[in-house]
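As given, the protein sequences belong to chains W and L, one line each in that order. Mind the numbering: the first sequence is residues 24 to 135 in our numbering, read in order. Mind the numbering: the second sequence is residues 29 to 141 in our numbering, read in order. Even glycine gets a Cβ: it sits at the ideal position worked out from N, Cα and C. Bear in mind the structure is a predicted one, so any value in this text is a computation, not a measurement.
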Amino acid sequence: KAGVTQTPRYLIKTRGQQVTLSCSPISGHRSVSWYQQTPGQGLQFLFEYFSETQRNKGNFPGRFSGRQFSNSRSEMNVSTLELGDSALYLCASSLEQPLDYTFGSGTRLTVV
Amino acid sequence: AQSVTQLGSHVSVSEGALVLLRCNYSSSVPPYLFWYVQYPNQGLQLLLKYTTGATLVKGINGFEAEFKKSETSFHLTKPSAHMSDAAEYFCAVSEPGANNLFFGTGTRLTVIP
């Protein structure tokens with residue numbers, strides 16, 4: 024079966040711009056979670072969506088937002104980009120809860 | 029509050045030697061525990077997980093981990109390291125019913141030929 028697909032793989036943006044990242048989960052998976060990975064902070068939970076509803080949110084500023092569509096695909100948006108937003112953004116899908124996470128390969132965002 | 033501590037950000041072993049990666053957790057309730065592996069420029073792959081039942085958990089690629097409640101530990105081992113094991117390894121904890129993981133800071137494993 025197809026894995027979790029994240030697009031684009033690489034992205035370079037300028038400080039102050041906004042960016043949208045996309046995640047297509049494994050077919051049948053209704054939960055999509057997003058994590059930010061940086062060398063300094065490690066892996067940090069951003070938010071989780073289940074059946075188009077945000078169920079849980081990490082400790083990130085309001086510039087970080089997300090949504091989930093009826094086909095379970097998810098997008099996350101970061102507005103007013105800062106240099107510190109440079110990171111690998113990982114999406115994970117599961118049937119319901121993180122016991123069965125499957126991660127995508129990530130989107131590497133570089134803010135210049 | 030939950031947290032995970034991985035002792036040793038870098039571990040080097042010789043090919044064929046024992047691999048031991050350490051993980052200690054903090055949780056107010058009996059936790060679910062996970063080990064993930066990450067290869068360069070890739071996402072995370074689940075190696076094994078502990079939820080309930082047998083405390084010795086066997087995973088993929090010959091790895092196993094033992095849940096020790098008294099020591100709040102979940103160390104990852106493999107009897108004989110292979111070159112292909114070189115990667116970064118993350119320990120994670122979750123509460124039953126929760127829908128997110130708390131990750132440790134990772135341990136980079138180097139295998140010396």
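Item to check | Start-to-end residues for the beta strand (DSSP E) that takes in R78 (chain W) | outcome: T76 to K80
Checklist entry - Thinking C-beta only, is V41 (chain L) closer than 8 Å to V121 (chain L)? => result no
Item to check | Selection of the stretch 110-129 of chain W by Cβ proximity to chain L, strictly under 7 Å | outcome: L113, Q120, P121, L122, Y124, F126, G127, S128 and G129
Checklist entry - From the beta carbon of Q70 (chain L), is the nearest beta carbon of chain W less than 8 Å away? => result yes
Next on the checklist: If the cut-off is 8 Å on Cβ atoms, which residues from the stretch 122-137 of chain L count as contacting chain W, listed in chain order?
Outcome noted: S122, G125, A126, N127, N128, L129, F130, F131, G132, T133 and G134
Next on the checklist: Using a Cβ-Cβ cutoff of less than 8 Å, which residues in the same chain neighbour A114 (chain L) once the five nearest sequence positions on both sides are dropped?
Outcome noted: L137, T138 and V139
Item to check | CA nearest to the CA of G74 (chain W), picked from W:G26, W:L66 and W:R96 | outcome: According to the sequence as given, residue 74 (chain W) is Ser; it is not Gly. Per the Cα distances, W:R96.
Next on the checklist: Pop quiz: C114 (chain W) and V27 (chain W) are said to be a contact at Cβ under 8 Å. What is the actual Cβ separation, rounded to whole angstroms?
Outcome noted: 6 Å
Next on the checklist: Quick check on DSSP: helix, strand or coil for N89 (chain L)?
Outcome noted: helix
Checklist entry - For E99 (chain L), which of helix, strand or coil comes out of DSSP? => result helix
Next on the checklist: Strictly by DSSP, which residues pair up with I26 (chain W)?
Outcome noted: The sequence as given places Gly at residue 26 (chain W); Ile does not occur at that position. In DSSP, G26 (chain W) forms no bridge with anything.
Item to check | Residue from L:Y67, L:P68 and L:Y53 whose Cα sits closest to the Cα of L61 (chain L) | outcome: L:Y53
Next on the checklist: Can you pull out the residues from the stretch 30-57 of chain L whose beta carbon lies closer than 7 Å to at least one beta carbon of chain W?
Outcome noted: none
Checklist entry - Closest to R78 (chain W) by CA distance: which of W:G65, W:V55 and W:Q60 is it? => result W:V55
Item to check | Neighbouring residues, chain W, relative to L74 (chain L) (Cβ below 7 Å) | outcome: Y124
Item to check | Helix, strand or coil at L129 (chain L) [DSSP, three-state] | outcome: coil
Next on the checklist: For R138 (chain W) and T30 (chain W), I'd like the C-alpha separation in whole angstroms.
Outcome noted: Because chain W spans 24 through 135 in this model, residue 138 (chain W) falls outside it and cannot be assessed.
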